[in-house]
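Undergrad:
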Amino acid sequence: MRRYLGLWLAALLVAVVVLPALIVKGARIWRSPVEVRTEERMVRLYDHVRGEIRVLPLEEYVAGVVAGEMPAEFEPEALKAQAVAARTYTLKKMEEAREKSDEKHPNADVCSDPTHCQAWIPQDALRQRYGWWRASRYQKKIREAVEATRNLVLTYQGQLIVPVYHSNSGGRTESAEAVWGYDLPYLRSVPSPWDREAPRFRNTVTWSLAEIDQKLGVNLSALPAAALTPPKGQAIKVEEYTPTGRIKTIKIGDKTFKATDLRRLLNLTSTDFTWRVEGDRITFISVGNGHGVGMSQYGANGMAKEGRNFMDILYHYYPGVKLEKI
Ligand SMILES: [Zn+2]
Numbered sequence: 070m071r072r073y074l075g076l077w078l079a080a081l082l083v084a085v086v087v088l089p090a091l092i093v094k095g096a097r098i099w100r101s102p103v104e105v106r107t108e109e110r111m112v113r114l115y116d117h118v119r120g121e122i123r124v125l126p127l128e129e130y131v132a133g134v135v136a137g138e139m140p141a142e143f144e145p146e147a148l149k150a151q152a153v154a155a156r157t158y159t160l161k162k163m164e165e166a167r168e169k170s171d172e173k174h175p176n177a178d179v180c181s182d183p184t185h186c187q188a189w190i191p192q193d194a195l196r197q198r199y200g201w202w203r204a205s206r207y208q209k210k211i212r213e214a215v216e217a218t219r220n221l222v223l224t225y226q227g228q229l230i231v232p233v234y235h236s237n238s239g240g241r242t243e244s245a246e247a248v249w250g251y252d253l254p255y256l257r258s259v260p261s262p263w264d265r266e267a268p269r270f271r272n273t274v275t276w277s278l279a280e281i282d283q284k285l286g287v288n289l290s291a292l293p294a295a296a297l298t299p300p301k302g303q304a305i306k307v308e309e310y311t312p313t314g315r316i317k318t319i320k321i322g323d324k325t326f327k328a329t330d331l332r333r334l335l336n337l338t339s340t341d342f343t344w345r346v347e348g349d350r351i352t353f354i355s356v357g358n359g360h361g362v363g364m365s366q367y368g369a370n371g372m373a374k375e376g377r378n379f380m381d382i383l384y385h386y387y388p389g390v391k392l393e394k395i
């Protein structure tokens, strides 16, 4: 019996010390990509795809927003700028939710619907989008961008800013005033020449006259072709431009539209557009992609490619703001 005692003791050591240590270490390896810290803020997210509320640590949620809002192949500094914008937006929404709950999701701070709050995707969606190999590489890249900017937010005069962003400004960003009618000092128009190099800089959409009539409640198809062909034809006519040269209001048939409404109704990528009429079809050619206010994501990537860091990017697109730790 005594000669087995050593073996028994060794087995006991493995069972009591070594195995639990390995399990704990293993658990750490398979834990969520962004380290959860005890003091971390939690975000109540309404997952609009599943129709349920998830409660996530702030930084883990921010990583899901960066994955949902910006192509993961973008430069690390652009991803960091996106992470700061996403975090600032989230904290602002959390602040608002404490005062008054959101009508669309009264029990959550934010939702994953990009048309309402900001896009957010879970990790498995990243794997579906890119495949296992690329997804794990991108996950690491996103996690590093989030970690490198942990707790950093943008403020203006001590308040969290409204950090809106868009895909591609077309060469110059737009002021909030021109698009939404309210002036914010850090959402003024700034040059964004990097956007001209971006793919999908110019986008076309073609509709038949009958489709336009139906979508806009006008009657273009009843008009002679000459009425539609500029410069003599006045059936479609820009009434007002914004200071950066985007269309503000436009007359179509007998109705005047805000260009922002027309963009939504006709699926145009921006309000900086021209058009051409061919037979009974109209093709709209838009420059840039998005409302054009705040940070241009392709511009951010262009700046990063030139060696600028995420702070340069944020200070450029949101002039006058401060980067602060929460
Ligand atoms: Zn929402």
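For the sequence shown, our numbering gives the first residue as 70, with consecutive numbering after it.
No residue lacks a Cβ here, since even glycine has one placed at the ideal position from N, Cα and C.
#1: Using 7 Å as the cut-off, classify the Cβ of residue 171 as near or not near the heavy atoms of ligand 1, replying yes or no.
#2: Confirm the yes/no value for this check: CB of residue 182, any heavy atom of ligand 1, distance under 7 Å.
#3: Taking residue 311 and residue 247 to be in contact with their CB atoms under 8 Å, please state how far apart those CB atoms are, rounded to whole angstroms.
#4: Indicate whether residue 180 and residue 114 have their beta-carbon atoms separated by less than 8 Å.
#5: Using a threshold of 8 Å, state whether the C-beta atoms of residue 328 and residue 315 are closer than that.
#6: Check residue 379 in the structure and name its three-state DSSP category.
#7: So, at 7 Å on beta carbons, what are the nonlocal neighbours of residue 388 in its own chain, with the 5 sequence-adjacent residues on each side left out?
#8: Taking residue 374 as the reference, give the member of 133, 264, 212 and 213 with the closest Cα.
#9: Alpha carbon to alpha carbon, what distance is there between residue 191 and residue 133?
#10: Per DSSP, which residues does residue 394 bridge with? Please list them.
#11: Closer than 7 Å to a non-hydrogen atom of ligand 1 - does that hold for the CB of residue 174?
#12: Residues in its own chain within less than 8 Å of residue 275 by CB, not counting five upstream and five downstream?
#13: Who are the near neighbours of residue 178 in its chain, counting only those whose CB is closer than 6 Å to its CB and skipping five residues on each side?
#14: Report yes if the C-beta distance between residue 395 and residue 160 is below 8 Å; otherwise report no.
#15: Give the DSSP bridge partners of residue 327, in chain order.
#16: Kindly list the residues whose CB is nearer than 7 Å to the CB of residue 182, restricted to its own chain and excluding five residues on each side of it in sequence; keep chain order.
#17: Grouping DSSP H, G and I as helix and E and B as strand, with all else coil, what is residue 207?
TA: The short version:
#1: Counting from one through the sequence shown, the residue named residue 171 turns up at place 102. Yes, ligand 1 has a heavy atom inside 7 Å of this Cβ.
#2: Your numbering for residue 182 matches position 113 in the sequence shown. Yes - ligand 1 has a heavy atom lying nearer than 7 Å to the Cβ of residue 182.
#3: The count along the sequence shown starts at 1 and reaches residue 311 at position 242. The count along the sequence shown starts at 1 and reaches residue 247 at position 178. So it is a contact: roughly 4 Å between Cβ atoms.
#4: Locating residue 180 in the sequence shown gives position 111, counting from the first residue. Locating residue 114 in the sequence shown gives position 45, counting from the first residue. Yes; because the gap between Cβ atoms is below 8 Å, this pair is in contact.
#5: Here residue 328 is taken as the residue at index 259 of the sequence shown, counted from 1. Here residue 315 is taken as the residue at index 246 of the sequence shown, counted from 1. In contact: residue 328 and residue 315 (Cβ atoms closer than 8 Å).
#6: Working through the sequence shown from its first residue, we reach residue 379 at position 310. Three-state DSSP puts residue 379 in a helix.
#7: If you number the sequence shown from 1, residue 388 lands on position 319. Excluding positions up to five away in sequence, the list reads 255, 257 and 259.
#8: Taking the first residue of the sequence shown as 1, we reach residue 374 at position 305. When the alpha-carbon of residue 374 is set against those of 133, 264, 212 and 213, the nearest one is in 264.
#9: Against the sequence shown, residue 133 aligns to sequence position 64. Against the sequence shown, residue 191 aligns to sequence position 122. Each residue's alpha carbon lies about 6 Å from the other.
#10: Taking the first residue of the sequence shown as 1, we reach residue 394 at position 325. 221, per the DSSP bridge assignment.
#11: Start at 1 with the first residue of the sequence shown, and residue 174 comes out as number 105. Indeed, a heavy atom of ligand 1 lies less than 7 Å from the Cβ.
#12: Counting from 1 along the sequence shown, the entry for residue 275 is found at position 206. Correct list, in chain order: 350, 351, 352 and 353.
#13: Taking the first residue of the sequence shown as position 1, residue 178 is located at position 109. Around residue 178: 112, 113, 162, 163 and 166.
#14: Reading the sequence shown from its first residue, position 326 is the one you call residue 395. Reading the sequence shown from its first residue, position 91 is the one you call residue 160. Against a cut-off of 8 Å, the Cβ pair of residue 160 and residue 395 comes out as a contact.
#15: Here the question's residue 327 lines up with position 258 in the sequence shown. Residue 327 is bridged to 318.
#16: For the purposes of this step, residue 182 is taken as the residue at position 113 of the sequence shown. Cβ neighbours of residue 182 beyond the five flanking positions: 117.
#17: As a working mapping, residue 207 is identified with position 138 in the sequence shown. Residue 207: helix per DSSP, three-state reduction.
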